[in-house]
Amino acid sequence: MKKAIIVGATSGIGRQLAIILAEDGYQVGITGRREELLIELKALKPESFIISAFDVTNIANVPVNLVELKEQLGGLDLLIMSSGTGKINPALDTDVERYTNEVNVAGFTAVADWGFNFFEQQASGHFAAITSIGGIRGSRQAPAYFASKAYQINYLEGLSQRAKKIKLPVYITDIRPGFVNTAMAAGENMFWMATAEKASKQIFDAIQNKKEVVYVTKRWRLVAFIFRLVPRFLYKRM
Ligand SMILES: NC(=O)c1ccc[n+]([C@@H]2O[C@H](COP(=O)([O-])OP(=O)(O)OC[C@H]3O[C@@H](n4cnc5c(N)ncnc54)[C@H](OP(=O)(O)O)[C@@H]3O)[C@@H](O)[C@H]2O)c1
């Protein structure tokens with residue numbers, strides 16, 4: 660039986676991916692801080708899920724928790740990092756920005772490093788992370804969120820390079836959603852909003868096909884392309 664861990668499976672994309680993996684026959688380790696939501700998820704298919712509630716900002720404990728969960732599962736083929744946070748921050752409140760970095764930069768790095776090192780030692784495995792289309796340019800509304808997603812995108816590119824160098828079947832997937840209808844997608848001017856179900860199906864396909872970079876839904880590749888082309892002097896005025 661294939662084994663997976665989803666970090667951030669209590670809600671949104673991570674939760675939906677956990678359901679899809681379970682339906683595909685995976686045994687899935689599900690994490691997040693809200694244990695009651697993990698218990699509800701497990702109740703849907705008790706034999707498919709193993710729960711481990713933890714906070715990714717508790718950096719020292721991230722590897723400990725992941726090792727324990729991997730041992731309970733009896734192995735690991737796929738690790739998905741879906742945990743993330745981000746708020747519109749018009750006041751440039753430093754506490755908001757610091758916490759975003761704790762989750763999206765420090766927590767992300769702790770999960771990514773543990774995953775890559777484990778898969779390298781095992782000589783196989785797949786690490787996938789949900790970044791964002793937001794990582795492509797800066798944002799006046801949520802500077803830390805967009806910058807932290809740029810960090811994740813570049814970090815994953817670095818891991819892809821490492822994977823190539825070690826010449827082992829270790830795969831990295833950078834998943835870049837546009838808008839997905841979850842608790843995180845709060846705000847105005849949203850368009851092309853996908854359901855978590857549709858987004859997660861596309862993410863699952865990309866993981867199965869071992870894609871390096873995927874836009875979700877697919878049409879967001881066009882937005883990414885245009886975003887990159889907008890000259891800085893125009894982008895500043897937006
Ligand atoms: N929704 C969108 O439009 C959109 C677009 C682009 C990218 N994304 C990215 O997609 C990923 C999933 O977000 P979502 O849309 O599914 O939103 P969501 O429903 O709010 O899910 C966020 C997940 O992150 C977990 N999390 C947050 N802080 C955590 C912490 N300190 N420790 C452990 N887990 C933590 C949450 O679990 P607990 O609260 O239980 O800990 C939850 O499971 C995020 O990385 C987000 O940046 C979303």
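All residue numbers for the sequence shown refer to the working numbering, where the first residue is 660 and numbers rise by one. For each residue, glycine too, the CB sits at the ideal point set by N, CA and C.
Here Gly691 is near Leu697, since their CB atoms are less than 8 Å apart. Cβ atoms of Val762 and Gly743 come within 8 Å of each other, at about 6 Å. With a contact defined as Cβ atoms closer than 8 Å, Thr753 and Tyr804 miss out at about 14 Å. For Asp714, DSSP assigns no beta-bridge partner whatsoever.
With a cutoff of 8 Å on beta-carbon distance, Lys808 and Thr790 are scored as near each other. One alpha carbon belongs to Glu756, the other to Glu816, and they sit about 24 Å apart. It is roughly 21 Å from the alpha-carbon of Leu680 to the alpha-carbon of Phe775. With contacts defined by Cβ atoms closer than 8 Å, Val666 and Val764 do not form a contacting pair. Contact between Trp851 and Arg887 does not hold, since the beta-carbon distance rounds to 18 Å and is not under 8 Å. The beta carbon of Phe786 sits no closer than 7 Å to any heavy atom of ligand 1. Shortest gap from the CB of Phe838 to any heavy atom of ligand 1: under 7 Å. Within 7 Å of the C-beta of Leu815 there is not a single heavy atom belonging to ligand 1. Taking 8 Å as the upper bound for CB-CB distance, Gln820 and Ala788 are not in contact here, some 15 Å apart. At a cut-off of 7 Å, the beta-carbon of Ser859 does not count as near ligand 1: no heavy atom of the ligand is closer than that. Each residue's CA atom was taken as its position, placing Pro836 and Thr876 some 7 Å apart. By the neighbour-count definition (other C-beta atoms within 10 Å, threshold 16), Lys662 is a buried residue.
Contact between Phe786 and Leu735 does not hold, since the beta-carbon distance rounds to 10 Å and is not under 8 Å.
Judged by DSSP secondary structure, Leu737 falls within the beta strand (DSSP E) whose first and last residues are 737–740.
Around the beta carbon of Met740, 16 or more other beta carbons lie within 10 angstroms, which makes this residue buried. Straight-line measurement puts the Cα of Phe708 at about 9 Å from the Cα of Leu732. Boundaries of the alpha helix (DSSP H) around Arg821: 802–825.
For Val726, DSSP records no beta bridge to any residue.
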